[in-house]
Amino acid sequence: WVDVPGADWIGMSGCGSIPCEIATMTAFDSITMTAEMFLPIHPDNGQLFNWQVEVYAEPGQTDSDLSNNQSAKVIQIMPVADMFVSVDLITDPPYYIGQEVSYEVTAINGGLNRATQVDFTPNMTNLTLLWVAGDQCSDINCQLSQMDFAQREEMVLQFVINNSGGFNFGYSVQANEHDSNTSNNNDLTNGGNASLPPNDLIFENGFE
59 WVDVPGADWI
69 GMSGCGSIPC
79 EIATMTAFDS
89 ITMTAEMFLP
99 IHPDNGQLFN
109 WQVEVYAEPG
119 QTDSDLSNNQ
129 SAKVIQIMPV
139 ADMFVSVDLI
149 TDPPYYIGQE
159 VSYEVTAING
169 GLNRATQVDF
179 TPNMTNLTLL
189 WVAGDQCSDI
199 NCQLSQMDFA
209 QREEMVLQFV
219 INNSGGFNFG
229 YSVQANEHDS
239 NTSNNNDLTN
249 GGNASLPPND
259 LIFENGFE
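Note that the working numbering numbers the sequence shown so that position 68 is 126, with each residue one more than the last.
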């Protein structure tokens, strides 16, 4: 038999079911079995989680040495977060020098565990920040002490375009916990091209 507390069983190759019954084994014979399962979820208690798996084999006949019939392995399970960030430029073109532009930012912890020490690292080109408004963040270099599973942080940031040419804003987000999918931790390219503002000439006829 196998004891895998808290795990969700997938299956095992080398034997049809658990408990596994082998009809016969000759002297010095061996069988290799591979088990697949979903590990239990790490509790959000700030403690290391040591998970113990046990396997026990018992023959139908008398066993002369029971001391080697059981094996156990302790596996340390790490807490897992999955930080996601999306950045959107919500001001429509065309863009001009000195124009104000707005960005919306959404960050989510999609992992199974609480994320701690969540850092927002900005990537900014040719922009000057005017203000930030967020659920918790009030600074562009934001750090949140924790984000629970499925918790969102939504922000709006207002900038002014400094010079003509390309401008851009993006974010990288990371937490202390192991991240199971780092491909969605960055959204760095969200910008456009600014030009000189159009001329606004007014001619006033002063002749009489």
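The C-beta atom is built at its ideal place from N, Cα and C for all residues, glycine as well.
Nearest to residue i (by Cα), restricted to the options the options
i      : options                        : result
ASN184 : PRO137, ASN226, MET91, VAL138  : ASN226
LEU246 : TRP189, SER230, GLY156         : SER230
THR240 : GLY168, VAL190, PRO180         : GLY168
ASN199 : ALA208, ALA252, VAL176, ARG210 : VAL176
GLN194 : GLN209, ASP121, ALA93          : GLN209
ASN108 : THR92, ASN251, SER125, PRO137  : PRO137
ASP140 : ASN248, ALA252, MET205         : MET205
GLY72  : GLU94, ASP121, ILE219, THR84   : GLU94
PRO151 : LEU254, PRO255, PRO256, GLY250 : GLY250
ASN220 : TYR153, ARG172, ASN243         : TYR153
Contact belief for residue i with residue j at Cβ below 8 Å, rounded distance in angstroms
i      : j      : result
THR174 : SER160 : 30 Å between Cβ atoms; not a contact.
GLU116 : ASN127 : 6 Å
ILE133 : VAL111 : 7 Å
MET91  : MET70  : 6 Å
GLN232 : ASN242 : Contact flag wrong, Cβ pair sits at about 11 Å.
ILE135 : PHE96  : Rounded, the Cβ-Cβ distance is 11 Å, inconsistent with contact.
Coil, strand or helix - residue i by DSSP
i      : result
THR240 : helix
ASN234 : coil
ASN126 : helix
MET91  : coil
MET136 : coil
ILE155 : coil
PHE225 : strand
GLN119 : coil
LEU170 : coil
GLN110 : strand
MET33  : Because the chain in this structure spans residues 59 to 266, residue 33 falls outside the shown range and cannot be described.
Cβ shell of residue i (< 6 Å), same chain only, five flanking positions each side left out
i      : result
THR179 : SER230
THR164 : SER144, GLU212
ILE166 : PHE142, ARG210
Contacting residues, own chain, Cβ-Cβ under 7 Å from residue i (five flanking each side not counted)
i      : result
GLN216 : GLU158, SER160, LEU188, TRP189
SER222 : ILE155, ALA252, SER253, LEU254
GLU162 : ASP146, ILE148, VAL214
Endpoints, the beta strand (DSSP E) within which residue i is located
i      : result
PRO180 : 173–183
SER253 : 249–253
LEU246 : Run containing LEU246: none; DSSP gives neither H nor E here.
ILE198 : Here ILE198 belongs to no beta strand (DSSP E), and DSSP marks it neither H nor E.
ILE219 : 210–219
MET141 : 141–147
Other residues of its chain near residue i: CB distance less than 8 Å, five sequence neighbours each side excluded
i      : result
ASN248 : VAL145, ASP146, LEU147, TYR161, ASN226, PHE227, GLY228
ALA130 : GLN110, VAL111, GLU112, VAL113
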